[in-house]
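Which chain is which? The protein sequence lines are A and B, in order.
Per this note's numbering, residue 1310 is the first one in the first sequence, and the count goes up by one each step.
Per this note's numbering, residue 193 is the first one in the second sequence, and the count goes up by one each step.
A virtual CB, placed ideally from N, CA and C, is assigned to each residue, including glycine.
Here is the structure we will look at, set down as structure tokens.
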Amino acid sequence: MIKQFLMNLLLSFIWVALTGSMYYTNFVFGFMIGFGILWIMNRNDTDRRYFNKVPRIISFIFYFLYEMIKANVQVAYDVMTPKYFMRPGIVKYPLNAKTEMEINLLSTMISLTPGTLILDISEDKKTMYIHVMYLQDPEKFVRDTKSGLERRLLEAIR
Amino acid sequence: MIDLLIAILSTIGALAIFFASLGILRMPDFYLRLSVTVKAATLGVGLLLLCAAILFPDISVTTKAFAIIFFLIITSPIAAHMIGRAAYFTGTPLWKETIIDELSGKYDKETHELKNECQTDDPISVEKEQIADSEDETK
């Protein structure tokens, strides 16, 4: 997998060298062309994880941006209007992520979504305590985050 | 086209920072203030830097802007986490309308260790974990 990624990077650098403009749009275009070439070349290969993973990571980034903007609008509305709609609370969240890297990425993502803030992670890395701004029901919050953000993140990086 | 994009992005970024500063004034307790400030400021600064990266057709500006956004995204949640944890240790009070606090009483006062309580006292989450584990095995 890492071999294919390096090959893709090499192809995009060749594209940049041939076209001669080191601008990021050109680089992205070269990366896309290289991805297409590699996809055609490895059609009969058994190891196709790389080609599943790249679209997943890109779709995860867009999903995360959408969630972040949605939550930001909610918080901004609450800040602007005089009445408070908040129901804050600290929730216990059992982690599915196993390795330190996964936990790190997951907590960064949860912290960056407005309205949620990581307070602490237990010593054996199984539970996370999250301060949530709009908490209707702790069970529902845990379920939504598990099936939404955490599932997509783990699919993208595993 | 590019001008329009830059106008939209920088307006959203400036508004995000404005709401963050308004949030510092208006939020009722410390955790909510922290929660509002860190994210909105990250989003705002990130969008303004993205505008700079799009505006200047110079590779050095673009790489610098993306590097700053990257490190901002890595570091600011950790800062928020550490500040929030320290505030909880020192006993900063929660807002009076806070509906639930599952972290209370879980800390060891001497060593500041947080024991895992998930398997011991809460049967529902134990069941959930077992279901999740069996799902993992079937995959």
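| Asked | Found |
| --- | --- |
| Cβ pair A212 (chain B), A232 (chain B) closer than 8 Å | yes |
| DSSP three-state assignment for K1392 (chain A), whether helix, strand or coil | coil |
| First through last residue of the beta strand (DSSP E) which encompasses Y1332 (chain A) | Neither: Y1332 (chain A) is in no beta strand (DSSP E) and is coded neither H nor E. |
| Cβ-Cβ distance between L1421 (chain A) and E1459 (chain A) below 8 Å | no |
| I1311 (chain A) vs E294 (chain B) beta-carbon contact at 8 Å | no |
| Reduced DSSP category for D293 (chain B) - H, G, I as helix; E, B as strand; rest coil | strand |
| Three-way DSSP call (helix, strand, coil) for M1437 (chain A) in this model | strand |
| Within chain A, partners of A341 (chain B) - CB distance below 9 Å | The structure shown has nothing for residue 341 (chain B), since chain B only spans 193 to 331. |
| Beta-carbon spacing of F1369 (chain A), R1452 (chain A) below 8 Å | no |
| Cut-off 8 Å between Cβ atoms - residues of its own chain near I265 (chain B), not counting five sequence neighbours on either side | T234, G238 |
| Segment limits, beta strand (DSSP E) that includes P1447 (chain A) | Where P1447 (chain A) is concerned, there is no enclosing beta strand (DSSP E), although the alpha helix (DSSP H) it sits in stretches over 1447 to 1454. |
| S1321 (chain A) at chain B interface by Cβ criterion, 8 Å | no |
| Inter-stretch contact at 8 Å, needing at least 3 Cβ pairs: the segment 247 to 255 of chain B / the segment 1324 to 1339 of chain A | yes |
| In DSSP terms, what D250 (chain B) is bridged to | None; D250 (chain B) has no bridge partner. |
| Closer than 7 Å at the beta carbon, the chain D residues around T1408 (chain A) | As a matter of chain content, chain D is missing from the structure shown, whose protein chains are A and B. |
| Cβ-Cβ distance between L226 (chain B) and L1315 (chain A) below 8 Å | no |
| D221 (chain B), DSSP secondary structure in three states | coil |
| Residues of its chain near L1444 (chain A), where Cβ-Cβ distance is below 8 Å and the 5 sequence neighbours each way are ignored | R1396, P1397, G1398, V1400, F1450 |
| Burial state of D1429 (chain A) (16 or more Cβ within 10 Å) | buried |
| Pairwise C-alpha distance: R1467 (chain A) and K1455 (chain A) | 16 Å |
| Cα-Cα separation between A208 (chain B) and I1367 (chain A), rounded to whole angstroms | 24 Å |
| Span separating the alpha-carbon of L224 (chain B) from that of G1345 (chain A) | 46 Å |
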